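Let me begin by presenting the structure, written as C-alpha cells, before commenting on it.
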Amino acid sequence: MPSLIKIITLYFIASIVIFYTHLSYTQENASMWEDVEWQNELCFLRLENFLDLELNIASTQAETSLQAPSTVTVIDRQMIEEYNFPSIASAVETLAGVQVYRTAFKQQVTTVRGVLQDHYANKVLVMINNVPSWHAITGESNLDRVSIHDVERIEVLRGAASVIYGSQAYVGAINIILRQSESQPKAGKFHTSIGNKGAHSVGTHYRYQAENGLSLFAAINEERGKRYRSDFTDEEGIKGIIDDYQDRLNTTVSLDYQEHSFLLNAFQNDEGNFEGATQKFSAGAGNNHDIDGILFGYTFSHHWNKQYYTQLQLFYDWNERNFSRSADDDIRANVLGQRIGGNIRNIISLSDDLEIEIGGDYDLRKSHEYKNVQFSSNTILAENNLSNKSVSEYSGYAQLDWKPSPAWRAVLGSRFTQNELFGENISSRGSLVYTINEKNAIKFIAGQSFRAPSLFELYFITPSQTIFGNENLQPETADTFELGYQHARGYFYLQALTYYSIYKNKIYRIKGDVTLDDRTTLNNVNVYTNGNAFHAKGLELELKYLNPKVANLFLNFDYVYGDDGDKLPGTDHYNFKYVPDFTVSAGIYKNWKDFNISLIGNYVDTTKGTNEKIDDYLSMDLNFAYQHKYRALQFKHVLSINNVSDTLVTMPEYVRRKALNEVPLTGYERSISYSFIVNF
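Numbering (the working numbering), first residue to last: 1 to 680.
What follows is the structure, encoded as C-alpha cells:
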C-alpha cells in the first residue's frame, strides 16, 4: 500500500473513533455527568498534571517540561495505563525521533534521530532513577531491564547531553523513574498475562511511604515472550528455522530515607537472534543470546542552606552477555565487564536570578573477559584480547544559569573530560529560553556531545585475526543546534522542534590493512576506524489532546534527512541510507465508566536495504480494558491484539551487509494476549 494511503487510513480510523466517542458521550445518560463542574475540572486536570510533572533528566534539580532548558518528552503513568504498553521499548518508540531497532545479532538497539549503532546501543544513555547503566565492554544499555508495570514515568531527552552526563549521552538520554507511593502510605500491584505464541508473564511490586521520609519500592517480574518462527537462509546457503523472542526476568528495589537513596536492579534477559559469531547456522545463528546485569546506586542529596545544594552519587554496574558460536551450542562466548564510578553536583545560588553548577565525574570501565569456551572439553578457545583490560575517565563541568527576567533564561556550560587513552575532550552547551507565558515557551539550544570508544572497539581481536580493534580511535563527537516551541491551551499540548546536527568521527568497521607487533601486515581484514563527518536535519512534532470527556489522543511525527558524508570508499554504505525519512505514531484512548479502549498506530516510511528496498509499513495495536473494584482491591482485565493487520514489519540489516537484506522486528506477526491486574 502506498505511503500516503497508509497515513490517510490511520487518520481515517482515528477520526471515526473520535466521532463515535464524541457521539456516544453526548448520548450518555445525563446522570453520569450530573456534577458538571467536577467533570470539567477533571478534564483540565489531566493536562495540568501532565504539565506539572517535575522531570529529572534535563537538570540536576527537577523542573517541569516548560521550565527545563531542554526539549524533554515524558510518558507518564497515566499514559502507560491508558495505552497498555507491554514494555518500555514499545512506549518510547512511539515518540518522535526515537526508534527501537534490532540487528541480526542484538535486539533492543535504542536509536535517536537516525544515528545508527552497530550491534550495541551505545549512543543513548539509559538511567534508572538517574543512575546510569551500560556494558563496560561494548557500551550498550538495556531498556527492558525494568518492567513497564514498575515505571512511574519515562523521561526522554534528545540531542547533545554530554555537558550534563558525559560520555554515552551522545544523541540523547532516557531516564526510567520507578513507581512512587505518594498518595497513600502502602500500595501494591500484581499482574499476570497469557497469550498465543507461548507467551505468559507474572509479576508483583510493593510500595511503602512513611511520614518520617522513608519510602520503599520492591518488585519482581518474569516474562516469557512470544515465539515468532522465521525461515532463514544463512550466508552459506543453508536453510533453517529461527525462533525469535525476548524473555525477561528482573527485580528492582529502591529505598529512600530523607537525604539518602539506594537502588538495586538485577535482570536476566534471553533473546533469539539471526547471528552467532556470524550469520551462519554453523556459527551459532538461531541459538539464544543471554544478557544479565546488576546495578547498584547510592545518591546523597543535601541542602546546606538556601543558597547551596549538593548531590553525590556512587554506582556499581555489572553486565554480562553470553552467546553461541557453534551450531550445537557447545562453543559459546562470555562477555563480562563492570563499571565503578560516581559523580558530584553542586548548585550555588549567587542571587535570585543567577546560580552556578559545578561538578565532576569518575568512571572506571573494566573488561574481565571476552572468552570463547567449549563446554564439552571445558576448554578456553580464545580470550579475544579483552581479558583484564580497563580504561579510566574523569571529568569536571561548570554551568551558569541566569534569569535576567521572568521571561528570559540563559544556561551556558562546558565539560572537560580526561580519558587515559584518547586524552582530552571539551563539550559545551548553551540554552536560551523565552517564556511567553506560563504555557508557552521558545527554546534555542546549541550543544556538543561525545562518546568515548568502547573497550571492544579499542582492543578486540579474533583468534583468526579477521577483526581488529583500534587503540588509536578518537571519540565520536556531535554538534547540534535546536529550535523548539512548547504550547499548551485548553485540552491541547504541542511541542515542535527543528534541529541541525553535525556528526564527526563515527566509529564503524571497514576492510583495511593491519600491521601486527612483529611488523607482519594483514590485508583486507575488518578493523574499527573513525569515519568522515556527516550531517542531518530534522523536524519533530508532538501533539496531545487530553479530554477524558471525549477522548485522549497523541500524534507524534518525525522527519529526518541525512547526507552521505560518511559513505565508505568503494561502497554504497552510509548511515542514513538505512534510515526512513519520516515516521508517524498516533494513539487514541476512550473511557466509558469501567470500560476503555485504546488504539495505537505506528507508520514507518520506506527505506533502502543492502540489496533491495524495504517497504513501508503501518502496524496497529488494539486494547480493550475493563476495571472494577472489590473492597480495597482494584481489578483490571485487558485484551490486547498486537499488529492487528498482521503486517510484515522489518528493518535493514545494516551491520554485516551481506546476504541478509532485512531482519524482522519482534512482534511482526499478529498476537493476542489477556492480562489480569490487581492494584491494592
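Every residue gets a Cβ at the ideal spot worked out from N, C-alpha and C, and that includes glycine.
None of the values given here were measured: they were computed from a predicted structure.
- Contact between residue 110 and residue 143 holds: their C-beta atoms lie close to 6 Å from each other, under 8 Å.
- Considered as a whole, the region 154-194 harbours 162-165 as its complete alpha helix (DSSP H) runs of no fewer than 4 residues, in chain order.
- The three-state reading of DSSP puts residue 107 in coil, since its state is none of H, G, I, E or B.
- The three-state secondary structure of residue 226, taken from DSSP, is coil.
- Of the candidates 156, 173, 131 and 572, 173 places its Cα closest to the Cα of residue 163.
- Around residue 634, the same chain offers 679 as residues with beta carbons nearer than 6 Å, after the five sequence neighbours per side are excluded.
- Sequence-distant Cβ neighbours of residue 116 in its own chain, meaning closer than 8 Å and more than five residues away, are 101, 575, 578, 579 and 654.
- Secondary structure of residue 90 (DSSP, three-state): helix.
- Under DSSP, the beta-bridge partners assigned to residue 636 are 627 and 677.
- Excluding five sequence positions before and after residue 383, the CB atoms of its chain that fall closer than 6 Å to its own CB belong to 371, given in chain order.
- With a cut-off of 8 Å on Cβ pairs, the region 487-502 is not in contact with the region 462-473, counting fewer than three such pairs.
- In the structure shown, residue 365 adopts extended strand secondary structure according to DSSP, grouped into three states.
- Looking only at 61, 66, 54 and 60, the smallest Cα-Cα distance to residue 488 is reached by 66.
- In the three-state reduction of the DSSP assignment, residue 619 falls in the strand class.
- About 4 Å separates the beta carbons of residue 155 and residue 175, which is inside the 8 Å limit, making them a contact pair.
- Its chain contains 257 as the residues whose beta carbon lies nearer than 6 Å to that of residue 214, once the 5 sequence neighbours on both sides are disregarded; these appear in chain order.
- Beta-bridge analysis with DSSP links residue 54 to no other residue.
- Residue state for residue 544 is assigned as strand, using DSSP reduced to three classes.
- Between the region 230-246 and the region 273-291 there are three or more C-beta pairs closer than 8 Å, enough to call the two in contact.
- When only Cα atoms are considered, residue 178 and residue 511 end up about 45 Å apart.
- Within the region 297-383, the beta strand (DSSP E) runs of at least 3 residues that lie entirely inside it are, in chain order, 308-324, 331-351, 354-374 and 379-382.
- A direct Cα-to-Cα measurement between residue 613 and residue 108 gives close to 23 Å.
- Restricted to the region 423-511, the beta strand (DSSP E) segments that are unbroken, complete and at least 3 residues in length are 423-437, 440-451, 476-489 and 492-504, listed in chain order.
- Rounded to the nearest angstrom, the gap between the Cα atoms of residue 593 and residue 185 is 27 Å.
- Excluding its 5 nearest sequence neighbours in each direction, residue 571 has no C-beta neighbour in its own chain below 7 Å.
- DSSP, read as helix, strand or coil, puts residue 294 in strand.
- In the DSSP assignment, residue 248 falls within the beta strand (DSSP E) that extends over 246-257.
- Here residue 640 really is in contact with residue 673; their C-beta atoms are around 5 Å apart, less than 8 Å.
- Beyond the five residues adjoining it in sequence on each side, residue 445 comes within less than 6 Å, by CB distance, of 431 and 482 in the same chain, given in chain order.
- Short of 6 Å from the beta carbon of residue 553, and not among the five residues preceding or following it, lie these beta carbons of its own chain, in chain order: 545 and 588.
- Taking the C-beta atoms as reference points, residue 621 is found nearer than 8 Å to residue 600.
- Here the C-alpha atom of residue 472 lies approximately 11 Å from the C-alpha atom of residue 527.
- In the structure shown, the three-state DSSP call for residue 80 is helix.
- Judged by DSSP secondary structure, residue 588 falls within the beta strand (DSSP E) whose first and last residues are 582-592.
- Residue 564 and residue 582 do not touch by the CB rule: their CB atoms are close to 18 Å apart, not below 8 Å.
- In this structure, DSSP gives residue 150 a helical state, which the three-state scheme calls helix.
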